[in-house]
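Novice: Numbers given in the numbering used here equal positions in the sequence shown, counted from 1, plus 9.
Sending over a structure as C-alpha cells; questions will come in a sec.
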Amino acid sequence: MKIHLIAKTLKLLVGLVLSTYLGLLLVLNLQPIKSIWINKIEEAISQVAKSTVEIKDIEIGLFNRIVIDDIVIYDQKGEQMIDVDKFSVKILLRDLIQKKITLRSVLIMDGNIQFYRERPEDAPNYSFLVELFKGNESSNKPFQVSVGSLIITRLNFSFTNRWITETNNKFSKHHIRVNNINSNLSLKCIDSDSLNIRVRNFSCNESDKLHIKKLHFNLVSNRERVKINNFNLTTSNSEVAGLDNLDIDIQKLNEKQPFLNGDLIINNLSTKEFNYFFCCNFYLFFVRVAL
10 MKIHLIAKTL KLLVGLVLST YLGLLLVLNL QPIKSIWINK IEEAISQVAK
60 STVEIKDIEI GLFNRIVIDD IVIYDQKGEQ MIDVDKFSVK ILLRDLIQKK
110 ITLRSVLIMD GNIQFYRERP EDAPNYSFLV ELFKGNESSN KPFQVSVGSL
160 IITRLNFSFT NRWITETNNK FSKHHIRVNN INSNLSLKCI DSDSLNIRVR
210 NFSCNESDKL HIKKLHFNLV SNRERVKINN FNLTTSNSEV AGLDNLDIDI
260 QKLNEKQPFL NGDLIINNLS TKEFNYFFCC NFYLFFVRVA L
C-alpha cells in the first residue's frame, strides 16, 4: 500500500514537471513573447559585438534547442557579413557560468559568409567576432568553445583583399570564393591559443577549377605547431590518402625553412589540380587558417 502511494506520487510529480516544462515552452513560443526574445537577443548581440544583428524568427525547442530563421549579421561598417536561412543549436546552459560555450549540435543551412579586408593596414571585417572569445582587461580568461557536431549544408564563403586586383584562372589567397559547402565536423576545442577539430566529411567547389568531393582529417594546433592525421582528399581528378602524423613547425614556416614532416600516399594526381592547389599556395592558406 505504501509502495503504491509512493509510485503514484512520483507519477504525479513527473507529470507536473513535464506539464510545467511543456507549458513554459508553449508560452515562450507565442508570437508576442518571441518578438520580445528576438528584440532582446538582437540588442544583446549588437551591444557586445558593436554591430547590427537581424533575426526574422526564433523557436525554443525541447532540451535547450534554439532554432533561428533568417539571421543576418553586419560588420562594423554596416555591410552584410553573415546571412543564414536556418541556424539550429543545442547549448549546455550550465557551462556558460564557467566561461565555456558547449554546443551539443549545430546545424547551419543555406547561407552566405562574406569576409574582406579594405586596406593592408585594416583588420578583417570579422575581427570583432574573434575579439569576443579573447580575454579583456577585467578577465584574461577567454571563452572556450566546443561543438559536438556541426553540420553545414549549402553554404557559400568568400574572402577578399579589396585593394588587390583579382586574377582569372588562378587561385589567389587574396580572392577566395568557395561555393556549396557541405560538411560534418566536431570542434573539441576553440580558443585564442588552440584548435582541435575533426572533419568527418567536407565537400565544396572553389570557382570552376577545384571540386572537392570528399575531405576528412583530424587537426590539432597551437601557436607553435599544427598536427594533422587521417587525411584523405578526393577531388574530380585526384586522390590523396594516407597522410598521417603530419607535423608543421610554425616558426620554421614563418622563417621560410623546411617545416613539414609526415607520410603521404598519392593514388592519383591531376597536374592541373596540382598546379592550382599547391603551386598557388592553397596549402599555405589552409595552414594559416588553422592558426
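Quick reminder that beta carbons are idealized off the backbone N, C-alpha and C, glycines included.
Keep in mind it's a predicted model, so treat the numbers as computed, not measured.
Over what stretch of residues does the beta strand (DSSP E) that includes Lys49 continue unbroken?
Specialist: Within the sequence shown, numbered from 1, the residue matching residue 49 stands at position 40. Counting along the chain, Lys49 falls outside any beta strand (DSSP E), though it belongs to the alpha helix (DSSP H) covering Gln40 to Ala58.
Novice: Can you find at least 3 beta carbon pairs, one from the region 52-65 and one from the region 23-35, that sit closer than 8 Å?
Specialist: With the cut-off at 8 Å, the region 52-65 and the region 23-35 do not touch.
Novice: Counting only runs that start and end within the region 219-267, where is the alpha helix (DSSP H) found for 4 or more residues in a row?
Specialist: Listed in chain order, the complete alpha helix (DSSP H) runs (minimum 4 residues) inside the region 219-267 are 259-263.
Novice: Enumerate, from N- to C-terminal direction, the unbroken beta strand (DSSP E) stretches of 3 or more residues contained entirely within the region 92-137.
Specialist: Within the region 92-137, the complete beta strand (DSSP E) runs of at least 3 residues are 109-126.
Novice: Taking only three categories from DSSP, how would you classify Ser203?
Specialist: As a position in the sequence shown, residue 203 is number 194, starting the count at 1. In the structure shown, Ser203 sits in coil (DSSP, three-state: anything other than H, G, I, E or B).
Novice: With DSSP as the reference, label Lys182 as helix, strand or coil.
Specialist: Along the sequence shown, one-based indexing puts residue 182 at 173. Lys182 falls in the coil class under three-state DSSP.
Novice: So, with DSSP's three-state summary, where would you put Glu63?
Specialist: Here the question's residue 63 lines up with position 54 in the sequence shown. Three-state result, Glu63: strand.
Novice: Please report the straight-line C-alpha distance between Ile206 and Lys223, rounded to a whole angstrom.
Specialist: Here residue 206 is taken as the residue at index 197 of the sequence shown, counted from 1. Here residue 223 is taken as the residue at index 214 of the sequence shown, counted from 1. Cα to Cα, the separation comes out at about 16 Å.
Novice: With 16 other CB atoms within 10 Å as the buried threshold, where does Val36 fall?
Specialist: Residue mapping note: residue 36 aligns to position 27 of the sequence shown, counting from 1. Result: exposed.
Novice: Nearest by alpha-carbon distance to Phe168: which of Trp46, Phe240, Ile91 and Asp79 is it?
Specialist: Translated into the one-based positions of the sequence shown, residue 168 becomes position 159. Answer by Cα proximity: Ile91.
Novice: Is there contact here, the region 132-142 with the region 185-196, by at least three beta-carbon pairs under 8 Å?
Specialist: No, because fewer than three Cβ pairs between the region 132-142 and the region 185-196 fall closer than 8 Å, the two stretches do not touch.
Novice: Hey, would you say Leu164 sits closer than 9 Å to Gly120, going by beta carbons?
Specialist: As a first step, residue 164 is located in the sequence shown; it is residue number 155 there, counting from the start. As a first step, residue 120 is located in the sequence shown; it is residue number 111 there, counting from the start. For Leu164 and Gly120, yes; Cβs fall inside 9 Å.
Novice: If you draw a straight line from the alpha carbon of Leu101 to that of Thr176, how long is it in whole angstroms?
Specialist: Indexing the sequence shown from 1 puts residue 101 at position 92. Indexing the sequence shown from 1 puts residue 176 at position 167. When rounded, the distance between both Cα atoms is 45 Å.
Novice: Taking the C-alpha atoms as reference points, what is the distance between Val76 and Pro41?
Specialist: Sequence index remark: in the sequence shown, residue 76 carries index 67 (1-based). Sequence index remark: in the sequence shown, residue 41 carries index 32 (1-based). So the two alpha carbons sit approximately 17 Å from each other.
Novice: Skipping 5 residues on each side, what residues in its chain have a beta carbon closer than 7 Å to that of Ile69?
Specialist: As a first step, residue 69 must be located in the sequence shown, where it is residue number 60. Once the five neighbours on either side are set aside, the close Cβ partners of Ile69 are Leu34, Leu37, Asn38 and Ile75.
Novice: Short of 6 Å in beta carbon distance, which residues of its chain neighbour Glu215, apart from the five on each side in sequence? Order them along the chain.
Specialist: On the sequence shown, residue 215 is found 206 positions in, with the first residue counted as 1. For Glu215, where only same-chain residues beyond five positions count, the Cβ hits under 6 Å are Val187.
Novice: Using alpha carbons as the reference points, say which of Leu255, Ser212, Phe124 and Arg234 lies closest to Gln85.
Specialist: Mapped onto the sequence shown, residue 85 falls at position 76. Closest option to Gln85, Cα to Cα, is Phe124.
Novice: Under the assumption that Lys99 contacts Met118 (Cβ atoms under 8 Å), give the Cβ distance between them as a whole number of angstroms.
Specialist: Here residue 99 refers to the residue found at position 90 of the sequence shown. Here residue 118 refers to the residue found at position 109 of the sequence shown. About 15 Å separates the two Cβ atoms, so there is no contact after all.
Novice: Indicate whether Asn73 and Pro129 have their beta-carbon atoms separated by less than 9 Å.
Specialist: Within the sequence shown, the letter at position 64 stands for residue 73. Within the sequence shown, the letter at position 120 stands for residue 129. No, the Cβ-Cβ distance between Asn73 and Pro129 is not below 9 Å.
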